[in-house]
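Asker: Going by the numbering used here, the sequence shown opens with residue 59, and the numbers climb by one from there.
Cβ atoms here follow ideal geometry from the backbone N, Cα and C, with glycine treated the same way.
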Amino acid sequence: MSLSRRRFLSGSAASLAALGPLPAWAQGHSLHRMKGGAPIRAGFDMASGEAIALSVAAGVRRVQGRRGLGIAVNGSVPGPLIRLREGQKVRLAVTNHLPEDTSIHWHGLLVPFHMDGVPGISFPGIRPGETFTYEFPVRQAGTYWYHSHSGLQEQQGHYGPLVIDPAGSEPAEYERDYIILLSEFTPRDPHQIMARLRTGEGYFNYQQTSWSDAYPLSGRERRMWAKMRMPPTDIADVTGATYTYLVNGLGPEEAPSFRFTPGERVRLRIINGSAMTFFNVRIPGLPMTVIAADGQNVAPVEVDEFQIGTAETYDVIVTPTAEAHAIVAESMDRSGMALAMLASREGARAPVPPLRPAPLLDMGDMGMNHGEMNHGDSGAKGHAGHSMAGMKMRDTLLLPPDVKVGPGIDMVSMAPVDKLGDPGIGLRDVPHRVLTYRMLEAREPNRDTRPPSRLIELHLTGNMERYMWSFDGEMYSAVADKPIRFAFNERVRVKLVNNTMMAHPIHLHGMFFELVNGKEPARQPRKNVVIVQPGASAQFDLTANEPGDWAFHCHLLYHMHGGMMQTVTVMGPAA
Numbered sequence: 059m060s061l062s063r064r065r066f067l068s069g070s071a072a073s074l075a076a077l078g079p080l081p082a083w084a085q086g087h088s089l090h091r092m093k094g095g096a097p098i099r100a101g102f103d104m105a106s107g108e109a110i111a112l113s114v115a116a117g118v119r120r121v122q123g124r125r126g127l128g129i130a131v132n133g134s135v136p137g138p139l140i141r142l143r144e145g146q147k148v149r150l151a152v153t154n155h156l157p158e159d160t161s162i163h164w165h166g167l168l169v170p171f172h173m174d175g176v177p178g179i180s181f182p183g184i185r186p187g188e189t190f191t192y193e194f195p196v197r198q199a200g201t202y203w204y205h206s207h208s209g210l211q212e213q214q215g216h217y218g219p220l221v222i223d224p225a226g227s228e229p230a231e232y233e234r235d236y237i238i239l240l241s242e243f244t245p246r247d248p249h250q251i252m253a254r255l256r257t258g259e260g261y262f263n264y265q266q267t268s269w270s271d272a273y274p275l276s277g278r279e280r281r282m283w284a285k286m287r288m289p290p291t292d293i294a295d296v297t298g299a300t301y302t303y304l305v306n307g308l309g310p311e312e313a314p315s316f317r318f319t320p321g322e323r324v325r326l327r328i329i330n331g332s333a334m335t336f337f338n339v340r341i342p343g344l345p346m347t348v349i350a351a352d353g354q355n356v357a358p359v360e361v362d363e364f365q366i367g368t369a370e371t372y373d374v375i376v377t378p379t380a381e382a383h384a385i386v387a388e389s390m391d392r393s394g395m396a397l398a399m400l401a402s403r404e405g406a407r408a409p410v411p412p413l414r415p416a417p418l419l420d421m422g423d424m425g426m427n428h429g430e431m432n433h434g435d436s437g438a439k440g441h442a443g444h445s446m447a448g449m450k451m452r453d454t455l456l457l458p459p460d461v462k463v464g465p466g467i468d469m470v471s472m473a474p475v476d477k478l479g480d481p482g483i484g485l486r487d488v489p490h491r492v493l494t495y496r497m498l499e500a501r502e503p504n505r506d507t508r509p510p511s512r513l514i515e516l517h518l519t520g521n522m523e524r525y526m527w528s529f530d531g532e533m534y535s536a537v538a539d540k541p542i543r544f545a546f547n548e549r550v551r552v553k554l555v556n557n558t559m560m561a562h563p564i565h566l567h568g569m570f571f572e573l574v575n576g577k578e579p580a581r582q583p584r585k586n587v588v589i590v591q592p593g594a595s596a597q598f599d600l601t602a603n604e605p606g607d608w609a610f611h612c613h614l615l616y617h618m619h620g621g622m623m624q625t626v627t628v629m630g631p632a633a
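#1: Can you tell me whether A350 is buried or exposed, with buried defined as 16 or more other CB within 10 angstroms of its CB?
#2: What residue range is occupied by the uninterrupted beta strand (DSSP E) comprising T519?
#3: Flag this pair as yes or no: are the beta carbons of S528 and G621 separated by less than 8 Å?
#4: What first and last residue would you give for the alpha helix (DSSP H) that runs through Q250?
#5: Can you name the residues that DSSP bridges to N6?
#6: Cα separation between H216 and D295?
#7: Looking at the C-beta of F529, does it have a partner C-beta in chain B at a distance below 8 Å?
#8: Nearest to M334 by alpha carbon, out of P310, S389, D373?
#9: Answer with buried or exposed for A75, where buried requires no fewer than 16 other C-beta atoms within 10 angstroms of its C-beta.
#10: Let me check understanding here. Comparing Cα to Cα, which of G331, V348, A357 lies closest to G367?
#11: From the DSSP secondary-structure annotation, give me the bridge partner or partners of T160.
#12: Helix or strand or just coil, what does DSSP make of R496?
#13: Mind pulling the alpha helix (DSSP H) runs of 4 or more residues that sit fully within the region 532-570?
#14: Tell me which same chain residues have a C-beta within less than 8 Å of the C-beta of V305, skipping the five on either side of it?
#15: Spatial neighbours of A408 within its chain, please: CB distance less than 6 Å, with the 5 preceding and 5 following residues excluded, ordered by chain position.
#16: Measuring only the C-alpha atoms, how far is L600 from T627?
#17: Say the cut is 7 Å; is the CB of P509 nearer than that to a heavy atom of the ligand ADP?
#18: If we count the other Cβ atoms within 10 Å of its Cβ and call it buried at 16 or more, is R392 buried or exposed?
#19: Y204 bridges to which residues according to DSSP?
#20: Quick check: the Cα distance between P583 and R317, rounded to an integer number of angstroms?
#21: Beta carbon of V587, beta carbon of N556: below 8 Å?
#22: Are the CB atoms of I179 and T625 within a distance shorter than 8 Å?
#23: Quick one, are the C-beta atoms of V148 and V196 less than 8 Å apart?
#24: Quick one: is T297 buried, meaning 16 or more other Cβ sit within 10 Å of its Cβ, or exposed?
#25: Considering only the beta carbon of each residue, do D641 and G568 sit closer than 8 Å?
#26: Less than 8 Å between the C-beta atoms of H619 and H565, yes or no?
#27: Under a three-way DSSP split, which group does E312 fall into?
#28: When you compare each of N521, I514, V121, R327 to L255 by their alpha carbons, which one comes out closest?
#29: Within 8 Å, do at least three Cβ pairs link the region 545-561 to the region 401-416?
#30: Using DSSP's beta-bridge definition, name the partner residues of E388.
#31: L210 and L516: beta carbons closer than 8 Å?
#32: By the three-class DSSP mapping on this structure, what secondary structure does A580 have?
#33: On the premise that L150 lies in contact with Y192, defined as a C-beta separation below 8 Å, what is that separation, rounded to the nearest angstrom?
#34: Mind checking whether A115 and H155 have CB atoms under 8 Å apart?
#35: Quick one: is S511 buried, meaning 16 or more other Cβ sit within 10 Å of its Cβ, or exposed?
#36: Would you check if the distance between the CB atom of L493 and the CB atom of V361 is smaller than 8 Å?
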C-alpha cells in the first residue's frame, strides 16, 4: 500500500506535523574542523560512530510556499549527514514509522548483499513499526549518499548524504568542506506522476508543445522527427513546470550560502540525489578542479562545467576570487535551476545567470550515421547528409537475436557509437571547458588489470509512448528469475547499447566498475553509475568479487519502476 497524498490528507494523517529544520550541513556549515571553529555536532545534524539510530516518518514539507508530503529521516528532508571512517564497523538501526514498508540503500557502499537494502533482491524490506539493523565494515572512503529503494519514496525526500573519511590522509588539500545535494520537490503524489507518464510520457514536458514553430529545422528534419513520433525537445520526462530544483532541500529563492575567506580552497561534494533530473553544474567565472567521481579519487582535472546524472557524485576544489560566486545547477532541459552561493561575508550574493535556451536532440541522438557529428571526440555538429540507418520504428526493427521484440520496444538505434567523450545534451556547443568521461583517470592504480574473459552486451530499450523501459526488450517483472550471472572473481566487459532517445544513468549495486574510456587499464576511472547517451554505447570492465544478488538499473526513478532493472548474481567463491 502506497503512502499517497489522499491518505496523507485524510484521517489521522492530516494531523502530521511539519518536518524539522534543516541539519547544519544543509544550511552551509563546513564539514571541515576549522581552526577556532566548531565542527558539526553529532545528533540531529550528523549521525556518526559505531551505533547509529535512524527513523523514517512522514510529515508536511514546504518549499518556496508550496506544501506537500515529505518522507523524512530523523525528522528532516534531506536526512542527517552520516559520517563514517574507513576501517570502522557500523550498525545502523532503521525504524519505520510509515504506514508502508520502507528501506535504505547505501548508494555506492561495498557491503554484504543482504545489507544492500533492496526489497525483493537482498532483503524483505522494513515493515511498519519494525526496526532493521544494517551492520557492515566500512571498506572505503569518499562521498556517497543513501536513499529509499521502496516504491517511489525517494521522490518524496527519503535521502541524505554519507561521507566516509579515509583511514589515512586526504590526497587533496582544502580549508572548507561543503555538501551540495541536488534534488527536486513536487507537491504531486509520485504515483500520480507515474500514472500520468504511463498515459502519455510527454504529459509533463510543456516545452514540446510549440517546438515546431520555435526552432529553425529543415522540412526534412521535421518529417524525420514526426516519423519518430516525438519532438526534439523530449529531453526530460518531468520538467521545471512540475519540479522545484533544490540544493540541500532549498529552492533557488532560498539558496543556501557557503562561506569562505579569500584565498581558501573549498571542497564541494556534489551529489545528485534527484529522482529524474540531470543537472549541468557551473560556477560562472570560477574554474572547478574535479578530484573524485562516485566517491573514488581521480587525477585532478580542471573544467568550467560538468553534467551530473541522477545518483552520480563529483567532488571538486575551487578557490573563490570574488566577493561571491553563484553555484548554478541547471536542469539538462533548461526548464529550471538549483542555486547556491559561495560568499565571503554574510549576505553577499553574485549575479544569477538566466536560463540558457533549451537544447534540442539532434540526429546523433536519433542514432543516425555519426560520421559528421562525432560527439565522442571531435565535438563536430551538423545536420546534413545523415544516413537513415538510425532510429527504426517497431514495424521495421532489425534487432540482435538476444533482444526480445515486443510491446516494450517502439524504436531502436541502428548505429550506436561510443560517446564517453560526449559532454552531454546541452553542453556540446558551450564555449568553455566541459568534463567528459574520457577526461577521468583513476588517481590510484586499479588492483585488477586482467583482460576481460568475455563480453556481455545489454541493450537499453523502451516504448516511450507506453512508458515501458527495459533491458533487451524485457521489463524487470518478466526477467526477475533470469539474472545476469557472473562467476566469482570473473573479469567481464559489459557493453551497454542505448537504443532509446533518452539518456540513462545506469547503476550497479555492490561493486565498482572501470569505464573503458581510452585510459590504460590500471588508470580507467572507477564508478558505479554511467550515463549512456541517446543512440550511443558505453563499456565498462568489472571484477565480480562481491558474492550475492545485486540490483542493476536505470537510476531515473520512473524508468526503474517502468521496468529498466535487472538482477546481477555473483556466485560465491569455490570452497
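Answerer: This is what the structure gives:
#1: Here residue 350 refers to the residue found at position 292 when the sequence shown is read from its first residue. Buried, since its Cβ has 16 or more Cβ neighbours within 10 Å.
#2: For the purposes of this step, residue 519 is taken as the residue at position 461 of the sequence shown. The continuous beta strand (DSSP E) containing T519 extends over residues 512-521.
#3: Taking the sequence shown and counting its residues from 1, the one referred to as residue 528 is at position 470. Taking the sequence shown and counting its residues from 1, the one referred to as residue 621 is at position 563. Their beta carbons are under 8 Å apart, which means S528 touches G621 by this criterion.
#4: As a working mapping, residue 250 is identified with position 192 in the sequence shown. From DSSP, the alpha helix (DSSP H) with Q250 extends over 248-257.
#5: Outside the shown range of the chain, which is 59 to 633, sits residue 6, and nothing can be said about it.
#6: Residue 216 sits at position 158 when you count from the first residue of the sequence shown. Residue 295 sits at position 237 when you count from the first residue of the sequence shown. Distance between H216 and D295, taken at the CA atoms: about 21 Å.
#7: Going by chain labels, chain B is absent from the structure shown, which holds only one protein chain.
#8: Residue mapping note: residue 334 aligns to position 276 of the sequence shown, counting from 1. Measuring from the Cα of M334, the nearest candidate turns out to be S389.
#9: Counting from 1 along the sequence shown, the entry for residue 75 is found at position 17. A75 should be labelled exposed.
#10: Looking up residue 367 in the sequence shown gives position 309. Selected option, being the one with the closest Cα: G331.
#11: Reading the sequence shown from its first residue, position 102 is the one you call residue 160. T160 is bridged to I184.
#12: Taking the sequence shown and counting its residues from 1, the one referred to as residue 496 is at position 438. The DSSP-derived three-state label of R496 is helix.
#13: For the region 532-570, the full-length alpha helix (DSSP H) segments reaching 4 residues or more read 534-537 along the chain.
#14: Numbered from 1 along the sequence shown, position 247 holds the residue referred to as residue 305. Answer for V305: I238, L239, L240, A313, P314, I385, A387, A396, L397, A398, listed in chain order.
#15: What you label residue 408 is simply residue 350 of the sequence shown in a count that begins at 1. Answer for A408: A382, H383, A384, listed in chain order.
#16: Your numbering for residue 600 matches position 542 in the sequence shown. Your numbering for residue 627 matches position 569 in the sequence shown. The C-alpha of T627 is placed about 13 Å away from the C-alpha of L600.
#17: Annotation note on the ligand ADP: not contained in the displayed structure, which lists no ligands.
#18: Within the sequence shown, numbered from 1, the residue matching residue 392 stands at position 334. Classification of R392: buried, given that the 10 Å Cβ count is 16 or more.
#19: Along the sequence shown, one-based indexing puts residue 204 at 146. Within the DSSP bridge table, the entry for Y204 names W164, G218 as partners.
#20: Stepping through the sequence shown from its first residue, residue 583 is reached at position 525. Stepping through the sequence shown from its first residue, residue 317 is reached at position 259. Just so you know, the alpha carbons of P583 and R317 end up roughly 31 Å apart.
#21: As a first step, residue 587 must be located in the sequence shown, where it is residue number 529. As a first step, residue 556 must be located in the sequence shown, where it is residue number 498. Contact check for V587 against N556 fails: the beta carbons are separated by 8 Å or more.
#22: The count along the sequence shown starts at 1 and reaches residue 625 at position 567. The count along the sequence shown starts at 1 and reaches residue 179 at position 121. If you check the CB distance, T625 and I179 come in under 8 Å.
#23: For the purposes of this step, residue 148 is taken as the residue at position 90 of the sequence shown. For the purposes of this step, residue 196 is taken as the residue at position 138 of the sequence shown. Annotated as proximal: V148 and V196, with beta-carbon spacing under 8 Å.
#24: Taking the sequence shown and counting its residues from 1, the one referred to as residue 297 is at position 239. By the neighbour-count rule (16 or more Cβ atoms within 10 Å), T297 is buried.
#25: Missing from the structure shown is residue 641; the chain here goes from 59 to 633 and no further.
#26: One-based indexing of the sequence shown puts residue 619 at position 561. One-based indexing of the sequence shown puts residue 565 at position 507. Contact flag unset, no.
#27: Indexing the sequence shown from 1 puts residue 312 at position 254. Here DSSP, grouped into helix, strand and coil, assigns E312 to helix.
#28: As a working mapping, residue 255 is identified with position 197 in the sequence shown. Ranking N521, I514, V121, R327 by Cα distance to L255 puts N521 first.
#29: No: fewer than three Cβ pairs fall under 8 Å.
#30: As a first step, residue 388 is located in the sequence shown; it is residue number 330 there, counting from the start. For E388, the beta-bridge partners assigned by DSSP are N338, M395.
#31: Within the sequence shown, residue 210 is the residue found at index 152, counting from 1. Within the sequence shown, residue 516 is the residue found at index 458, counting from 1. Cβ atoms of L210 and L516: not closer than 8 Å.
#32: As a first step, residue 580 is located in the sequence shown; it is residue number 522 there, counting from the start. Reduced to three states, the DSSP call for A580 is helix.
#33: For the purposes of this step, residue 192 is taken as the residue at position 134 of the sequence shown. For the purposes of this step, residue 150 is taken as the residue at position 92 of the sequence shown. With a Cβ gap of about 4 Å, Y192 and L150 count as contacting.
#34: Counting from one through the sequence shown, the residue named residue 115 turns up at place 57. Counting from one through the sequence shown, the residue named residue 155 turns up at place 97. A contact, by the Cβ cut-off of 8 Å.
#35: Counting from one through the sequence shown, the residue named residue 511 turns up at place 453. Result: exposed.
#36: In the sequence shown, the residue the question calls residue 493 occupies position 435. In the sequence shown, the residue the question calls residue 361 occupies position 303. A Cβ-Cβ contact shorter than 8 Å links L493 with V361.
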